[in-house]
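Working notes, beginning with the structure itself.
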Amino acid sequence: MRSTRPISWLKAAKRDFEDFPDEAQLVMRRALTVAAEGGKADKAKPLKGVEGGVFEIALAHRGEAYRVIYAVRIGDAVWVIHAFRKKSKTGIKTPHKEVDLIRDRLKRLKEALQ
């Protein structure tokens with residue numbers, strides 16, 4: 004029997020995620036379920052510029068780019084740290100503003116769970 008970890012959300016990430024189109028939410032939830040079951044979905048990749056165990060699910064949907072950032076090495080859950088619609092039109096890199104926010108949320112989450 005497969006052991007599935009719970010998926011926990013930071014409030015701000017959940018609120019932003021709920022603004023995504025329903026179809027995008029469905030695809031992202033499936034990818035998060037794969038992570039909770041110990042795997043890595045095809046749409047997920049390690050997030051560059053952030054410590055190990057943090058992944059980004061990238062989805063192009065109807066001309067928009069959506070991202071969900073989650074961490075697998077914090078406590079017993081898969082933690083969704085951030086969800087956003089990528090607005091940058093220059094390249095595929097995650098904007099520095101978003102990476103700084105992710106780092107800050109990770110730090111605060113780790114402190115809260117100690």
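In terms of the working numbering, the numbers along the sequence shown are unbroken and rise by one, the last being 117. Ideal Cβ positions, reconstructed from N, Cα and C, are used throughout, including at glycine.
Asked                                                                                                          : Found
Inter-residue CB distance, residue 38 and residue 73 (contact presumed, cutoff 8 Å)                            : 6 Å
Cα-Cα separation, residue 50 to residue 88                                                                     : 16 Å
Whole-number beta carbon distance between residue 16 and residue 86, since they are thought to touch under 8 Å : 5 Å
8 Å Cβ cutoff met for residue 53 and residue 102                                                               : yes
Residue 31 to residue 106 span [Cα, whole Å]                                                                   : 21 Å
Buried or exposed (CB count within 10 angstroms, at least 16 for buried), residue 29                           : exposed
8 Å Cβ cutoff met for residue 80 and residue 9                                                                 : yes
Proximity winner among 96, 59 and 63, relative to residue 75 (alpha-carbon distances)                          : 59
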